[in-house]
Structure formats: C-alpha cells, structure tokens
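If you read the protein sequences in the order shown, they are chains A and B. Here numbering that gives the first Met the number 0 is used: the first residue of the first sequence is 0, the next is one more, and so on. Here numbering that gives the first Met the number 0 is used: the first residue of the second sequence is 0, the next is one more, and so on. Every residue, glycine too, gets a C-beta built ideally from N, C-alpha and C. Only a predicted model underlies this, so the values are computations on that prediction, with no experimental measurement involved. The structure appears below as structure tokens.
There are 2 protein chains.
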Amino acid sequence: MSEPPILLSLCLQAIVVLFACRVAGWIAERLGQPSVVGMMIAGVLLGPSLLGALWPAEQLWLFPTSTRDVLKFLAELGVGGYLFCVGLDFDLAQVRQRSRLTLAVAAAGVLVPFCMAIPLALATQNIPGWFAGEATLGQQILFLGAALSVTAFPMLVWIVRSKGLADSPMGTVAISAGAIGDAFAWVILAVVLASFTGSPLVVVQCLAGGIVIVAMARYLVPRLLAGLSAECDRRKALTPVAVVAVAALFAAFVALSTWCGMHAVFGGFLCGLALPRGELTRGLRRIEPAIAMWLLPFFFAFSGLQTRLDLLISPSALWLLALVLLVALLGKGGACWVAARWAGLPAAEAAGVASLMNARGLMELILLNVGVQAKLVGPVLFSVLVVMAVVTTLLAGPLFEWTYGRQARKAGGLGRL
Amino acid sequence: MSEPPILLSLCLQAIVVLFACRVAGWIAERLGQPSVVGMMIAGVLLGPSLLGALWPAEQLWLFPTSTRDVLKFLAELGVGGYLFCVGLDFDLAQVRQRSRLTLAVAAAGVLVPFCMAIPLALATQNIPGWFAGEATLGQQILFLGAALSVTAFPMLVWIVRSKGLADSPMGTVAISAGAIGDAFAWVILAVVLASFTGSPLVVVQCLAGGIVIVAMARYLVPRLLAGLSAECDRRKALTPVAVVAVAALFAAFVALSTWCGMHAVFGGFLCGLALPRGELTRGLRRIEPAIAMWLLPFFFAFSGLQTRLDLLISPSALWLLALVLLVALLGKGGACWVAARWAGLPAAEAAGVASLMNARGLMELILLNVGVQAKLVGPVLFSVLVVMAVVTTLLAGPLFEWTYGRQARKAGGLGRL
C-alpha cells in the first residue's frame, strides 16, 4: 500500500483515535473504571501491541512515521493544554492551608520508593536485559527510584475531577502532592540521563530552567497579566489581546519546561496556576471540554504507539514482575497512606489519596520511553515496568472506591456513580 | 546555531507568530484595512521575503524545516476550522432566495477570467521564465484562468463578517459566489496538474471526490446527525458523543477534499454547512474565537514562508505585471459587477460585491505554490501573480468602502468603523 499524504493520514487517524477513545471510555465507565483508563488502553491497542501485531502493514499505513512529528505535537499540546486547565482551576490557598499534609504525602511518595530502589537495584543488577550494559549501580538506583515514584499525574487529576473532588481537601492534596512528586521524579530522570550521556551541563540546564519557570509563575506572570486580567474583569469578557497573550505565555512555559528536560505537562500546569484569577481564568476554562475531547485522545494514541506489550511474553520475567509490583505498591501506595495518616487525615481519606497516588499511568510509559531512547533501559525492565504501570493504574479506581468511595457515597460526601 | 527540538521550535514560533499577527492586525485596523490584511502581510514578512532576507540563519533557526509538517498541519487545521465555523453560520436559505444573483456573479467571476486568459496566454506564451518549458498552450490557458478567477475566499468571509454583513444579501451572495468560483478554480487546477503530470486518473479522482463530498454534505450528514442534534436540543447543551462525532466528520470532510486534490478549506466549509441547525451548531460556534486567534495566524505564517517577494525585483516583469493586473481587475472585478447589476443588485451593492470578489489573497498564493511544486510555473509568472494577489487584496477594503461602505454607513445600513 502506498503511503497517503500527511494531512490525509492525520484525518484518518483522527477519525479512528477519536472513536476508539470514545468507545473505550464508555466501556470503562460501564465497568466501573474511570473513562481515562479505557482511553489509555485504547491507545495501547491501536499501537504495535494489538493492531500492529495483528495487521502490521495496515497499522503502519494508518500511522506512518511521516505523521509521527505532528502526532507527538498534538499529544503534547493535548496533555499540556489539559494540565493548563487543571492549573486554572487549582486553588493554591487550599494547598497552603494543608501544606504539612501535602508535603508529607509528596515526600513519602518520593523518598520511600527511592529507598526501596536501593535493595531492588542490588538484587537485580546482573539480570540480562534489565539495564543496558553500561549503566552504573548509582544510575540504576536513581532510574528505578524515579520509575517507582512517578504518579499518573494527568490521570489522577482526571479521576479527582470526574468524581467531583477537585475542591475537596483530598483532591487538592492528591493533585499537589502528585505534581510535586512527579516534578521531582523528572528532575532525577534528567540527572540520570545527564550522567549517562556524560554531559553535566544537562543537570545545570534542568535545575536552572526549573528555577526560572517557577520564578516566572510566581512573580512575573501575575504582574505581567494584572492589567489584561483587570481589563477582562471590566468588560466581563475575554479581550483578544489577553487571549493572545495567554497563548504566547503557554507556549513560553511549554518551551521552558521542554528545554530543561521536563515534560510539557509541567509547563502547562504552572502556566494555568500562575494566571491571575477572575474573568480571564473563568473564560479560559471554557476550552477544557474541547481539549479533553479533541486533543487528549491523541496523547493516549501517541503513548500507545510507543508501547510494546509483546515484549512481556517471557516467563522468566514473572518473578521480577511480582517483586517490582510489591515494591511499587508498598513503596508508593503504602508510604503515602502512612504519611497521610501521620499528617492527620482520617483513615478512609488517607487510603483514597494513597490509591490515587499509587497509579503510574501514562507518565510511567513516557518516562520509560525516554529511558529506552537513551539506551539505558533493557527490554525486560521495560516490559516489567509497563505491566506495573497498567496494574497500578487499573487498581486505582477500584481501590479508591473500596477504601473511600463507598463510605463517602453513603455519607453523602461524594456524588452517585 | 544548533537546531532546537521540534516542540521547542514550535513554541518559539507560536510566540512570534501570535504576536506578529496581533500587532499587524492592529496596525491594519488603524490604517482602515481589515485586520486580516495585516496578518497576511505579517506572515509574508516572517518568511524569506523580509526576515529571511535580512537574517537568513536566524530565520532558518526559528522556522527549521523539521517543523514544516506540523506548521502545515496547524495552518490547514486553522483555515479549515475557520471555514467550518463560516459554514456553521451560513444561511443556505438566503442563497436559494437569490440563486439567480449568486449564480450570475459566480459564473461571471469564473467564465470571464477564463476567456481573458486565452489572449493573455497567446501573448505571453514564449516569455522565458513564464511557464516551465513543457507546458502546452492549453495548460497555460487553464492555469492562467484558474489564477485569474480565484477569490480570497477566507479573507472575503472575514471582511464580510467583521463588517457585520454576514446575514445581508450582499454578504451571502459574495460568500457563496466566492465559494462556487473557488471550488471551480481548484477543479480546473486539478485538471491542469493531472494533464501536466500525465495521469488522467487524477481528474477522475477529483471529480468523483467532489461528487461524493457534496452528496455527503447534502444527504448523509443531516440524516447521520439528526439524532445527536435532537439530543443536544433536548439537553440544551452539547453532548460528548455529538462533539466527538462532529470532530470525526470534520476530519472525514478534510480528508476527502484533500484526497480529491482540493484544498482543506472546502471540506471544512461543507462540513459546517451540512450540520443540522440547532443547539449543536450554536454550541460549536463558540470555538470560532479560539480558532481565529490561536490557529489562523499559523495559516498566515505558513503561507508567508512559501512566498518569495525577492523574485519580483526584475524590471522586465513590469509590463507583464501591468497587463496581468488589468486583466485581473477587469476580468474578475468588472465581470462580477456587470453580472450583479444584470441580476438586479443596486449599483453600490454590486460594486461592493465586485470589490470583495476581486481580492485574491492567500488563495492565490496557495494555488501558485501548488503550481510551483508541480514545476509548471516559472519564476517570473510566480512573482507577477504574487504582486497581483497583494494589490487586489489591498484594494478590496478601500474599494469596498469607496463604492459601497460610505453610502451604506450614511444610510445606516452598515455599522460604524
């Protein structure tokens, strides 16, 4: 089959991706899972794991490599834009009120996995296909720590919002602790990659970029947009200048977060968080449905295209999988639960936060993919971590319902399913 | 300078393009031109004509070829999406009421330029650098006819809407006659390219695709979406299924129009036109500002990147330019005025329609670019037609004001500037 022109391919992809995600989201909801889990699986099924395994030529015809750049751009715009909307809605005052709780959960969700990564790396360091030959033990520990501590940040946000918990203390703590933990995991990943590629400049770039982007969000943006936001308030509508300025700011944040080696989602989230509240943020919030329904599916499809579940069919990897799953569940979920209890959250709510924090989702797949591209991660480790990501993600919804949702629903603290 | 990664480049481009278009649009408005003229010029200035001539290395660093695919996609999505919104707003009943007038203007705007292309081609056929060596006289006539008869369809729509004429008979006639004429010019272009590349299958593909797409818009879409549209009416809101279905339909229309060799704008326009009216179209119309402010500037930037005004610095081309300008003004503007008068429109309104129909705008640049890529058009013809496009476009606003706007404003039929 000859390859169609790029625009034609992209249109066909859009039809398939939008429908597949819609149908899969609907099925997931019928099965009591959040719809985002269905979309994530739909993305994987459209990739080499199912469609590509059954009909390789047709899969390559539908997703030719010539469209890869555009698809990646749509994926990053979709997930960055979605996190921008999350930032718009995010109430920093709630986090400040509960900063002890947030910091405890975030720190536990990062430190404990990193500590548990040490014995795990020691026990597995000589397994063939686990890491690439040249990775030192220190690099292995840091990468495993990052892989174990990462959170399905966009998915966590989706679940929290779809359950109407965005304004609850639980939802705010989960989202902010997830953001802090994830940002930390990505910084560590950047350090590992820098030491692996042997260029210390990358570490400096990552840290400097991180400081600049937070300083921009905290000090520059509120001052820069104060006038435009006040103008929107006066007119009770978005002004064209404000809309264009916000788009340019969003692009600047995404550019900075990409430049310093972090994922575009952090730039998008911080940009939304930094905008002065008022008519401007209220008006911008209206773009969320369009982003969630039209752009986000491309993120799931693109991530699915990177995932190869067929690498998993290797029984020797099973005990490794069991070990990693145990470490992942205890090290992240368990640690977050203990920290939330210690900081004073009731048991049921602590378990709800822990089950949300425990999901790895697509962030794990993105992180893994970065590791594979840097030739750091071997095929066995890749497959094991993919299954770990899928299992922890599938567990999030039921665990949340079982530990917190049922009681809260009975008590009227949570809407009906 | 080393090339930044694609996402980073695109973010920088977004910042530059959005600001340049906003500033240029504002300047154009201050000068009494529609803002779209300013944006079109901003796009040209960001391309090889100014930025690339002054700082070639920096221009290539900002717009590296690796981002070309994504930029082209954004451009086509922007202009296709904008025309989709135009289609949503378009009142077919008005056209049916005035079908004689619309058809007269559309036919005159196509047939007269094609007739005038015959002597023009005969007089110029042996000029070096005019057409590529292998073009037959017939191909030259058809290409010149298409180039003379094309209308700045998206720009025409923009002017009509920004002057609040979208629901007026004049606005509707101009838009629908522009659409018919442009579609015809693109079909002719497809025929020329097919005969030039020697594959008659392309002609069949173009005609068959055109018939299928119109049949889909006329018969399939209204039936397919009747249920979803009624559901939206019942709920007084857009349903997720309807939104996803519309996006998939839009992709299908763009895919079909691309496949049959026409520009994506026709698919977008027809898709918007075909949707059943009600809460669905009312809700979808809300995306127009986001498309106009965030996506359309990429269309201007991409078109500007294709344009090389430096080719124009050749005094021998001046008499050709004068000849082509005369033919373009008389053949299109003059013919449309006569046709509109003949069909019963008052003199001032006929002149208003004619001045709008006369603008070539970016459609000419797109068409020219297709001709250059097919190695049909020589550098002299390219430069002459670019200037013709710019001059007819710049004339549209003042001619419209001078022939129709001033009187209409005095009579209260048109809002204040």
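Given residue i as reference, the closest of the options once Cα atoms are compared
{"i": "residue 19(B)", "options": "327(B), 295(B) and 342(B)", "result": "295(B)"}
{"i": "residue 51(A)", "options": "323(A), 300(A) and 345(A)", "result": "300(A)"}
{"i": "residue 129(A)", "options": "370(A), 225(A), 305(A) and 408(A)", "result": "370(A)"}
{"i": "residue 147(A)", "options": "373(A), 360(A) and 406(A)", "result": "360(A)"}
{"i": "residue 436(A)", "options": "70(A), 104(A), 236(A) and 98(A)", "result": "Beyond the ends of chain A as shown, which are 0 and 416, falls residue 436(A); an answer cannot be given."}
{"i": "residue 326(B)", "options": "306(B), 143(B) and 271(B)", "result": "143(B)"}
{"i": "residue 75(B)", "options": "265(B), 138(B) and 323(B)", "result": "265(B)"}
{"i": "residue 158(B)", "options": "317(B), 268(B) and 398(B)", "result": "398(B)"}
{"i": "residue 386(B)", "options": "306(B), 8(B) and 375(B)", "result": "306(B)"}
{"i": "residue 417(B)", "options": "92(B), 204(B) and 121(B)", "result": "With chain B covering only 0 through 416, there is no way to say anything about residue 417(B)."}
{"i": "residue 232(A)", "options": "277(A), 188(A), 333(A) and 345(A)", "result": "277(A)"}
{"i": "residue 81(B)", "options": "289(B), 409(B) and 333(B)", "result": "289(B)"}
{"i": "residue 152(A)", "options": "125(A), 180(A), 164(A) and 225(A)", "result": "180(A)"}
{"i": "residue 139(B)", "options": "111(B), 335(B) and 192(B)", "result": "192(B)"}
{"i": "residue 258(B)", "options": "244(B), 208(B) and 304(B)", "result": "208(B)"}
{"i": "residue 111(A)", "options": "184(A), 162(A) and 69(A)", "result": "184(A)"}
{"i": "residue 292(A)", "options": "11(A), 34(A), 27(A) and 8(A)", "result": "34(A)"}
{"i": "residue 85(A)", "options": "164(A), 339(A), 3(A) and 373(A)", "result": "164(A)"}
{"i": "residue 95(A)", "options": "125(A), 175(A), 156(A) and 389(A)", "result": "175(A)"}
{"i": "residue 63(B)", "options": "198(B), 216(B), 5(B) and 43(B)", "result": "5(B)"}
{"i": "residue 321(A)", "options": "388(A), 334(A) and 107(A)", "result": "388(A)"}
{"i": "residue 222(B)", "options": "273(B), 188(B) and 162(B)", "result": "273(B)"}
{"i": "residue 9(A)", "options": "59(A), 26(A), 49(A) and 345(A)", "result": "59(A)"}
{"i": "residue 267(A)", "options": "239(A), 243(A), 216(A) and 308(A)", "result": "216(A)"}
{"i": "residue 122(A)", "options": "323(A), 78(A) and 42(A)", "result": "323(A)"}
{"i": "residue 424(B)", "options": "402(B), 132(B) and 118(B)", "result": "Because chain B here runs from 0 to 416, residue 424(B) falls outside it and cannot be looked at."}
{"i": "residue 393(A)", "options": "375(A), 354(A) and 283(A)", "result": "354(A)"}
{"i": "residue 61(A)", "options": "12(A), 78(A), 77(A) and 338(A)", "result": "12(A)"}
{"i": "residue 83(B)", "options": "27(B), 280(B), 41(B) and 31(B)", "result": "280(B)"}
{"i": "residue 72(B)", "options": "298(B), 102(B), 352(B) and 339(B)", "result": "298(B)"}
Residue i, enclosing alpha helix (DSSP H) - first and last residue
{"i": "residue 393(B)", "result": "378-399"}
{"i": "residue 235(A)", "result": "Taken as a continuous stretch (DSSP letters only), residue 235(A) belongs to no alpha helix (DSSP H), as it is neither H nor E."}
{"i": "residue 99(B)", "result": "98-123"}
{"i": "residue 147(A)", "result": "136-148"}
{"i": "residue 155(B)", "result": "152-161"}
{"i": "residue 293(A)", "result": "Where residue 293(A) is concerned, there is no enclosing alpha helix (DSSP H), given that its DSSP letter is neither H nor E."}
{"i": "residue 212(B)", "result": "200-214"}
{"i": "residue 280(A)", "result": "278-283"}
{"i": "residue 344(B)", "result": "First-last for residue 344(B): undefined, no H or E at that position."}
{"i": "residue 405(B)", "result": "405-409"}
{"i": "residue 316(B)", "result": "Note, residue 316(B): premise wrong, no alpha helix (DSSP H); not H, not E."}
{"i": "residue 14(B)", "result": "5-29"}
{"i": "residue 171(B)", "result": "168-196"}
{"i": "residue 257(B)", "result": "239-258"}
{"i": "residue 42(B)", "result": "34-45"}
{"i": "residue 263(A)", "result": "263-273"}
Counterpart residues of residue i in DSSP-defined beta bridges
{"i": "residue 130(B)", "result": "376(B)"}
Presumed contact (8 Å Cβ cut-off) between residue i and residue j, rounded CB distance
{"i": "residue 23(B)", "j": "residue 46(B)", "result": "That pair is no contact at about 13 Å."}
{"i": "residue 150(B)", "j": "residue 177(B)", "result": "4 Å"}
{"i": "residue 302(B)", "j": "residue 364(B)", "result": "5 Å"}
{"i": "residue 120(A)", "j": "residue 136(A)", "result": "6 Å"}
{"i": "residue 319(B)", "j": "residue 383(B)", "result": "5 Å"}
{"i": "residue 230(B)", "j": "residue 246(B)", "result": "Rounded, the Cβ-Cβ distance is 16 Å, inconsistent with contact."}
{"i": "residue 213(B)", "j": "residue 248(B)", "result": "15 Å between Cβ atoms; not a contact."}
{"i": "residue 99(A)", "j": "residue 342(A)", "result": "6 Å"}
{"i": "residue 69(B)", "j": "residue 88(A)", "result": "Not really, about 29 Å apart at Cβ, beyond 8 Å."}
{"i": "residue 237(B)", "j": "residue 275(B)", "result": "Contact flag wrong, Cβ pair sits at about 13 Å."}
{"i": "residue 108(B)", "j": "residue 261(B)", "result": "Between residue 261(B) and residue 108(B) the Cβ distance is about 18 Å, and since that is not below 8 Å, they are no contact."}
{"i": "residue 134(A)", "j": "residue 195(A)", "result": "7 Å"}
Next item on the list: Could you name each continuous alpha helix (DSSP H) segment of 4 residues or more that falls completely within the region 48-106 of chain A, going from the start of the chain to the end?
Entry: 50-53, 55-61, 67-88 and 91-96
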